[in-house]
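Novice: When you read off a place in the sequence shown, starting at 1, and then add 10, the result is the number in this note's numbering. Where a beta carbon is used, it is the ideal one built from N, C-alpha and C, also for glycine.
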Amino acid sequence: MEKRNLRKERIGVVISNKMDKTIVIAVNRKMKHPIYGKFVKKTTRFMAHDEENTCNVGDTVRIMETRPLSKNKNWRLVEIIERAK
Numbered sequence: 011m012e013k014r015n016l017r018k019e020r021i022g023v024v025i026s027n028k029m030d031k032t033i034v035i036a037v038n039r040k041m042k043h044p045i046y047g048k049f050v051k052k053t054t055r056f057m058a059h060d061e062e063n064t065c066n067v068g069d070t071v072r073i074m075e076t077r078p079l080s081k082n083k084n085w086r087l088v089e090i091i092e093r094a095k
């Protein structure tokens with residue numbers, strides 16, 4: 011039996027769900043500036059596969075890396091951590 015490699019996981023906020031079975035997630039992180047030492051917010055956007063179209067804008071979700079599903083989409087939804095209020 012083959013052992014699978016560890017998959018990357020990210021937690022972020024859904025910023026768009028207008029596409030069919032696809033959501034866009036923004037993952038924020040703080041990075042220290044290499045020269046000035048100030049912490050700067052960096053945002054990375056991921057497109058993820060949402061099979062049942064269950065996510066709404068503002069939901070906090072966990073996504074996992076997977077094989078390429080389209081040109082820009084190689085992440086999939088694992089779970090919805092918190093629903094938007």
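Mind checking who Ser26 pairs with in its DSSP beta bridge?
Specialist: Position 16 of the sequence shown holds residue 26. Answer is Val34.
Novice: Excluding the 5 residues flanking Thr54 on each side, which residues of the same chain have their C-beta closer than 7 Å to its C-beta?
Specialist: Position 44 of the sequence shown holds residue 54. So the qualifying residues of the chain are Val37.
Novice: Return helix, strand or coil for Leu79, following the three-state DSSP convention.
Specialist: Stepping through the sequence shown from its first residue, residue 79 is reached at position 69. In the structure shown, Leu79 sits in coil (DSSP, three-state: anything other than H, G, I, E or B).
Novice: Counting only beta-carbon separations shorter than 8 Å, does Gly22 have a partner in chain D?
Specialist: This model lacks chain D altogether; it includes just one protein chain.
Novice: Should Ile73 go down as buried or exposed, given a rule of 16 or more other Cβ atoms within 10 Å for buried?
Specialist: The residue labelled residue 73 in the question sits at position 63 within the sequence shown. So Ile73 ends up on the buried side.
Novice: Since I believe Ala58 is in contact with Thr86 (beta carbons under 8 Å), could you give me their beta-carbon distance rounded to a whole number of angstroms?
Specialist: Here residue 86 refers to the residue found at position 76 of the sequence shown. Here residue 58 refers to the residue found at position 48 of the sequence shown. The residue you asked about is not Thr; residue 86 is Arg in the sequence shown. Right, the Cβ-Cβ distance comes to about 6 Å (below 8 Å), so this counts as a contact.
Novice: Output the boundary residues of the beta strand (DSSP E) element that contains Met57.
Specialist: Numbered from 1 along the sequence shown, position 47 holds the residue referred to as residue 57. First-last of the beta strand (DSSP E) with Met57: 49-59.
Novice: Going by DSSP, what residues sit across from Thr64 in a beta bridge?
Specialist: What you label residue 64 is simply residue 54 of the sequence shown in a count that begins at 1. Answer is none; Thr64 lacks a bridge partner.
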